[in-house]
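Residue numbers (UniProt numbering): 1 to 276.
We put the beta carbon where it would ideally sit given N, CA and C, even for glycine.
Here the structure comes first, spelled out in structure tokens, and everything after it is commentary.
Listed below in structure tokens is the structure:
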């Protein structure tokens with residue numbers, strides 16, 4: 001009896017199954033890849049979604065356009081200025097209606113589109129070269145102060161203070177700290193008893209000391225020190241001196257300065273970035 005060979009049908013079926021599995025796998029992988037790519041392409045940078053403000057940075061006669069999130073702090077702004085100018089944050093004195101606070105956001109400071117932000121500062125070598133003599137002067141002044149009676153009791157100051165408050169004196173707030181107003185500080189006396197006003201020209205980094213006779217434009221960098229002391233019996237007002245030269249003889253005295261502006265005046269002129 002002859003044996004009839006049966007046709008082999010299993011193997012083609014296996015191959016077809018494998019091909020089918022491969023096709024299914026490829027289709028599944030392609031689907032996964034498509035899903036993954038879609039996820040990546042739809043990802044957004046969180047910083048791009050933040051509300052931003054366009055400002056102009058002015059430093060050393062150079063101007064830089066900067067777009068920065070409005071909820072950035074003053075410290076973050078200094079870092080961005082560093083990337084633009086190469087000026088380290090510690091060496092920056094940033095001005096916007098007074099010295100810009102590092103712990104507040106641009107929104108809190110009310111910086112708006114188109115705002116001009118002034119930056120004053122130089123390299124560490126320049127600062128050390130300029131300020132080393134100033135540090136010595138300040139130490140000498142402080143040592144002399146410790147040896148003397150309170151400033152407001154000294155005869156040279158009493159002759160001004162005994163005149164009483166000026167008629168147009170500005171309102172003072174004891175224990176408060178405010179930024180410099182946008183208008184000049186007025187309603188004060190100078191050493192001769194004449195009316196004096198102080199205007200802070202931040203764009204020129206100058207302090208304008210104005211009297212009836214003239215206005216003296218003083219570079220803030222040339223002011224060696226700023227002294228202040230509450231006036232006895234009126235401690236919501238201070239007497240203040242701007243040291244324009246190396247000795248006490250160069251001090252320009254101003255009386256009846258509202259207490260809430262004293263710290264802002266010192267910070268604006270001397271800057272917190274200085275190392276003394």
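Proximity to residue 110 [Cα-Cα], best of 73, 93, 241 and 257
73
First and last residue of the uninterrupted alpha helix (DSSP H) at residue 229
Taken as a continuous stretch (DSSP letters only), residue 229 belongs to no alpha helix (DSSP H), being part of the beta strand (DSSP E) at 225 to 231.
Look at the Cβ atom of residue 121, then the Cβ atom of residue 93, and state whether they are nearer than 8 Å.
yes
Could you have a look at residue 241 and say whether DSSP puts it in helix, strand or coil?
strand
DSSP puts residue 216 in a beta bridge; with which residues?
209
Does DSSP put residue 170 in a helix, in a strand, or in coil?
coil
Any idea if residue 196 is buried or exposed, counting beta-carbon neighbours within 10 angstroms, 16 or more meaning buried?
buried
What does the alpha-carbon distance come out to for the pair residue 172 and residue 49?
43 Å
Taking the CB atoms as reference points, tell me whether residue 112 and residue 53 lie closer together than 8 Å.
yes
Which one of 211, 200, 61 and 230 has the shortest CA to CA distance from residue 270?
200
According to DSSP, is residue 176 part of a helix, a strand, or is it coil?
coil
Runs of alpha helix (DSSP H) lying entirely within the UniProt domain "Ubiquitin-like" (51 to 120), each at least 4 residues, in chain order:
74 to 85 and 106 to 109
Looking only at DSSP bridge pairs, what is residue 234 linked to?
231
Sheet register partners of residue 189 (DSSP bridge)
195 and 255
Assuming residue 262 and residue 222 make a contact with CB atoms under 8 Å, what is their CB distance in whole Å?
No, residue 262 and residue 222 are not in contact; Cβ-Cβ is about 20 Å, not under 8 Å.
Rounded to the nearest angstrom, what separates residue 165 and residue 184 at their Cα positions?
18 Å
Can the beta-carbon of residue 179 be found closer than 8 Å to that of residue 97?
yes
Once the 5 residues before and after residue 23 are set aside, which same chain residues still bring their CB inside 6 Å of it?
Annotation note: pLDDT 48 at residue 23 (below 50); position unreliable, no value reported.
Are the segment 152 to 165 and the segment 244 to 251 in contact at 8 Å, needing three or more beta carbon pairs?
no
Compute the Euclidean distance between the alpha carbons of residue 103 and residue 68, then round it to the nearest angstrom.
16 Å
From the DSSP output, in three-state form, read off residue 201 for me.
strand
Go to residue 161, then tell me how far its alpha helix (DSSP H) extends in each direction, as first and last residue.
155 to 161
Taking 8 Å as the threshold (C-beta atoms), are residue 95 and residue 202 in contact?
yes
At least one CB of chain D closer than 8 Å to the CB of residue 268: is that the case?
No chain D appears in the structure shown, which is made up of a single protein chain.
Roughly how many angstroms separate the alpha carbons of residue 151 and residue 210, rounded to a whole number?
24 Å
Given residue 70, which residues of its chain have a CB within under 8 Å of its CB, disregarding the five upstream and five downstream residues?
50, 51, 52, 53, 105, 106, 107 and 111
Does the beta-carbon distance from residue 100 to residue 80 come in below 8 Å?
no
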